[in-house]
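Q: Mind having a look at this structure? Questions to follow.
Residue numbers (mature numbering (1 follows the signal peptide of the UniProt record, and there is no 0)): -20 to -1, 1 to 105.
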């Protein structure tokens, strides 16, 4: 019986020590790219559909990366950007306004599995 208890305890420890972490995010418009390293991401949360009628993901970045994203988005308002997460294409988004350290991506045009993956990696339940 003790042998079984040790194995179960070990299995639980291995499973809990392998937690996903948020990965790098990037936006591409033509030849221009802005990379948001995972270390810049302060918070990720599920954005409820109450404001725009669609669910999405809300991001909060540190100030340095927020300023880089602000500059990039200001120069590309109205353009379509390719959004990548962990080097996988998530989808295309239209830059509707200047982004900053807090921004939201709605779920339209984005694969639901990618939204789930980002939320799981960020530990959002």
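Glycine residues also receive a C-beta, built at the ideal position from the N, C-alpha and C atoms.
1) So which of 97, 51, 19 and 8 has the shortest CA-CA distance to residue 40?
2) Opposite residue 41 in the DSSP bridges: which residues?
3) If I follow the unbroken beta strand (DSSP E) through residue 70, where does it start and stop?
4) For residue 61, which residues in the same chain have their Cβ closer than 8 Å to its Cβ, ignoring the five residues on either side in sequence?
5) Name the residue from 56, 38, 22 and 43 whose alpha carbon lies nearest to the alpha carbon of residue 78.
6) Quick check on this structure: which residue in 17, 48, 81 and 49 has the alpha carbon closest to the alpha carbon of residue 2?
7) At the level of alpha carbons, what is the spacing between residue 45 and residue 37?
8) Could you check the C-alpha separation between residue 107 and residue 102 for me, to the nearest Å?
9) Go ahead and pull the three-state DSSP assignment for residue 9.
A: From the atom records:
1) 19
2) 21
3) Note, residue 70: beta strand (DSSP E), 68 to 74.
4) 7, 8, 9, 72, 73, 74 and 75
5) 56
6) Taking only the C-alpha atoms, the option nearest residue 2 is 17.
7) Taking the straight line joining both Cα atoms gives about 18 Å.
8) For the chain, the structure presents residues -20 to 105; residue 107 sits outside this window and is missing.
9) Three-state result, residue 9: strand.
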